[in-house]
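Residue numbers (the numbering used here): 7 to 557. Note that beta-carbon positions come from the ideal geometry of N, C-alpha and C, so glycine has one too. Structure record follows, encoded as structure tokens.
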RNA sequence: GCCCCCGUAGCUCAGUGGAUAGAGCAGUCGCCUUCUAAGCGAUUGGUCGCAGGUUCGAGUCCUGCCGGGGGCACCA
């Protein structure tokens, strides 16, 4: 009996109580089943009686007692206690609890998936670093978190498109191209240009691609550097993301919005909706009608589009492509955009609560030798994604970036995450998986094959019960991590599960010693171990981190 | 001035209104004659920034204040 099964059983008991008049009220949509912290409180606990008490007009303990009486009739349940203010503490029969291992092994890679988000078509936009330089550390955080989130919502049944917005149409591209041209001609980097060694590489690559380029006029050169420079830069960005294990489905170019006149279309739509006005020679969107603290310019008085106008067109484009939810991940220094984006969606006639989900992540700092690394674009010492992967590896980098709540600003200590030791959380989890894989190899060498009909009721040791309980939590963790857009919950769960497993390993010998034969308990524990390995592997996969067979 | 995030053990952080607030690291003391010691056990360590409020119940929700970080363009 998994927590989901138990939840259904409790709900059935509640419905029965309501039908037969134990108390009055309406059945909840869902009964939340939790693992009690204190093992004396049974295998599972629920506060459903306390939630029903008020509408029922009865003391919570009385409601709990009525539900408990009905639950006692369920075979898999051996004990139901009413405790404290009205908790129901439930103890399962050993065999019922042990069946969790079978459920997991039979589900394999699909254990933990669900259909909570089935039918949703999501567009996840993240990273979107300007194609004027490599992906820096902040973009790396989004790459790790965004990709994990994509995997999470997919695991819950949603359709997902990972999208990268390429800002290839603004004045920064102009500066980028000019920088490349000046460097290629052996002239100094312009005052407002880009610094960094990558500039030399890109300039050289464009020259190699276009023999005789330097014989053209400055203006002609600029066009080539603009076009091929962006392409070269984008190729480098894609390559560094691929090394990080992140692959986007769509690279959407801002220039395409302009080429297809989508900004005009968006402006027309917004005008038709009655939210556009003219002032001071510019064209504005009245975002203050919907919660923004000032109105926003769409067309400047010099006739040029603003970046915000492109944002509007881009949002409209996504909606026209059939996405019913547009998720945009921004860095903390862009938090002021939330209100204007929501207001813009409302101006289009959407309900941003349903169609738009903007969320922001706090900044990342790197720490080396105990000192924060001060980075400056001008000095060209910005730490980029590729450097991070070189320094600590893709697994540690992804794990380090996804392990913390995005609402938390983080310091990544390069020394710690490069270490191959137990103070490095990613190794702690991976080690548990490697130990399990090794154990299976060893079992195979001994000629032990997991029996098809194990007696899982033999898994009654405290450490076995702990492990079964922890394993059963995985689907709930995956569902809530997706719902709350909080991939870090998966990482924390895995660390906790790894610890529970290590303690089991220490207390419970799995394989027979010496010449001893394999027993029923051996087989039951092999099922438990395989279930644990599957959950660790599935969880690491959700984070985009490998589950090594050996370390 | 306004807006966003944070404040929980010495450090880094978990904790979607529930029972005695947790983990890792650091410290101390133990455990390798058989499945990976990259592990495990024990132990030390807390006025959950402060003050009010909401309710059966607040680290969690609300208000104010204090402290730290980041923002507030007809830039992109």
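- [ ] Give me the Cα-Cα distance between residue 325 and residue 332, rounded to the nearest whole angstrom.
- [x] Their backbone Cα atoms lie some 8 angstroms apart in a straight line.
Open item on the list: Can you tell me whether residue 558 is helix, strand or coil according to DSSP?
Closed with: Any property of residue 558 remains undetermined from this structure, which presents the chain solely from 7 to 557.
Open item on the list: For residue 389, report the span of its beta strand (DSSP E) as first-last.
Closed with: Residue 389 -> no beta strand (DSSP E), and no H or E assigned at all.
Task: Pair within 8 angstroms by beta-carbon distance, residue 100 and residue 463 - done: Taking 8 angstroms as the Cβ cut-off, residue 100 and residue 463 qualify as a contacting pair.
Open item on the list: Closest to residue 134 by C-alpha separation, out of 228, 504, 260, 539, would be which residue?
Closed with: Nearest C-alpha to residue 134 among 228, 504, 260, 539: 260.
Open item on the list: Looking only at its chain, what residues have a beta carbon closer than 7 angstroms to the beta carbon of residue 506, apart from the 5 residues adjacent to it on each side?
Closed with: Hits under 7 angstroms: 472, 473, 476.
Open item on the list: Tell me whether the region 389-399 and the region 142-159 touch, counting them as touching only if at least three CB pairs, one residue from each stretch, are closer than 8 angstroms.
Closed with: Because the criterion of three Cβ pairs below 8 angstroms is met, the region 389-399 and the region 142-159 touch.
TODO: Name the two residues that bound the continuous alpha helix (DSSP H) containing residue 83.
DONE: Premise fails: residue 83 lies in the beta strand (DSSP E), 83-89, not in any alpha helix (DSSP H).
- [ ] Alpha carbon to alpha carbon, how far is residue 181 from residue 386? Give it in angstroms, no decimals.
- [x] Only weak support is given to the placement of residue 386: the predicted model assigns it a pLDDT of 48, under 50, and the value that follows is read from those uncertain coordinates. Spanning the two alpha carbons is a distance of roughly 16 angstroms.
Task: Local conformation of residue 508 per DSSP, three classes - done: Residue 508: helix per DSSP, three-state reduction.
Task: C-alpha gap between residue 500 and residue 179, whole angstroms - done: Between residue 500 and residue 179, the alpha-carbon positions lie close to 43 angstroms from each other.
Open item on the list: Please classify residue 308 as buried or exposed, where buried requires at least 16 other C-beta atoms within 10 Å of its C-beta.
Closed with: Label assigned to residue 308: exposed.
- [ ] May I have the straight-line CA-CA distance separating residue 74 from residue 94, to the nearest angstrom?
- [x] Taking the CA atoms as reference points, residue 74 sits about 7 angstroms from residue 94.
Open item on the list: Is the separation between the beta-carbon of residue 106 and that of residue 174 shorter than 8 angstroms?
Closed with: No.
Open item on the list: So, with DSSP's three-state summary, where would you put residue 332?
Closed with: Strand at residue 332.
TODO: Check whether the Cβ atoms of residue 6 and residue 291 lie closer than 8 angstroms to each other.
DONE: The first residue shown for the chain is 7 and the last is 557, placing residue 6 beyond what the model contains.
Task: Beta-carbon separation (whole angstroms), residue 542 vs residue 504, contact threshold 8 angstroms - done: The distance from the Cβ of residue 542 to that of residue 504 is about 7 angstroms, consistent with a contact at the 8 angstroms cut-off.
- [ ] Please report how far the alpha carbon of residue 373 lies from the alpha carbon of residue 406, in whole angstroms.
- [x] C-alpha of residue 373 to C-alpha of residue 406: approximately 13 angstroms in a straight line.
Task: Distance between beta carbons of residue 319 and residue 306, contact taken as under 8 angstroms - done: With 8 angstroms as the limit, residue 306 and residue 319 do not qualify as a contact, their Cβ atoms being about 16 angstroms apart.
Open item on the list: Once the 5 residues before and after residue 384 are set aside, which same chain residues still bring their CB inside 8 angstroms of it?
Closed with: Any reading at residue 384 must be qualified, since the residue scores a pLDDT of 46, below 50, and its modelled position is unreliable; no value is offered.
TODO: Identify, in the order they occur along the chain, each residue of the same chain with its Cβ nearer than 8 angstroms to the Cβ of residue 413, setting aside the five sequence neighbours on each side.
DONE: If you ignore the 5 residues before and after residue 413, its C-beta comes within less than 8 angstroms of the C-beta of 367, 368, all in its own chain and listed in chain order.
Open item on the list: Which of the three DSSP states is assigned to residue 79 in this structure?
Closed with: Here residue 79 carries a coil assignment [DSSP, helix/strand/coil].
TODO: List the endpoints of the continuous beta strand (DSSP E) containing residue 479.
DONE: Looking at the DSSP string, residue 479 is not in any beta strand (DSSP E), and its letter there is neither H nor E.
Open item on the list: Just to confirm my understanding: we take residue 334, look at its own chain, exclude 5 residues before and 5 after, and list those with CB closer than 6 angstroms. What are they?
Closed with: So the qualifying residues of the chain are 131, 364.
Open item on the list: With DSSP as the reference, identify every bridge partner of residue 93, one or two as the case may be.
Closed with: Looking at the DSSP assignment, residue 93 forms a beta bridge with 89.
Task: Cα-Cα separation, residue 273 to residue 296 - done: Going from the Cα of residue 273 to the Cα of residue 296 covers about 17 angstroms.
TODO: From the DSSP output, in three-state form, read off residue 64 for me.
DONE: Coil at residue 64, not helix or strand.
Open item on the list: Please identify the residue among 317, 401, 404, 218 whose C-alpha is closest to the C-alpha of residue 362.
Closed with: Of 317, 401, 404, 218, the residue nearest in Cα terms is 317.
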